[in-house]
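K.L.:
The following block contains the structure, expressed as structure tokens.
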Amino acid sequence: MEISIQKWGNSAAVRLSATLLEQLGVALGDKLEVEVLPEGVMLRPARHRYALADLIAQCDPKAPLPGDAEAWNNRAPAGHEIW
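Read in this note's numbering, the sequence shown has 1395 at position 11, and its numbers run on one by one without any break.
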């Protein structure tokens, strides 16, 4: 597949076809990681990097514990656990 570089304001841009977006598994608004290699440029879907604070912010501290958590909390030590 061959695509061309075009002027976009004061920058340059390439357009990715719907077929290419589908093959990459991305959609409009998604982010791509760009890596410059000796052979050329590699584009791959960017992985979302989670911060611990963001994950904790999604937790509901008032949510009930799962049913098996109570049994786990009441179990006798099985090894050399420190209490």
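The C-beta atom is built at its ideal place from N, Cα and C for all residues, glycine as well.
With M1385 and L1404 assumed to form a contact (beta carbons below 8 Å), what rounded beta-carbon distance in angstroms separates them?
P.N.:
With 8 Å as the limit, M1385 and L1404 qualify as a contact, their Cβ atoms being about 7 Å apart.
K.L.:
Are K1446 and A1430 close, meaning C-beta to C-beta below 9 Å?
P.N.:
No, these two residues do not count as a Cβ contact at 9 Å.
K.L.:
Taking the straight line between their C-alpha atoms, what separation do you get for G1413 and D1452?
P.N.:
Going from the Cα of G1413 to the Cα of D1452 covers about 40 Å.
K.L.:
Quick one: what does DSSP say Q1390 is sitting in, helix, strand or coil?
P.N.:
Strand.
K.L.:
What's the C-alpha gap between N1458 and S1401?
P.N.:
In a straight line, the C-alpha of N1458 is about 57 Å away from that of S1401.
K.L.:
If I'm right that I1387 touches A1396 with Cβ under 8 Å, what's the distance once you round it to whole angstroms?
P.N.:
At roughly 12 Å, the Cβ-Cβ gap does not stay under 8 Å, so I1387 and A1396 are not in contact.
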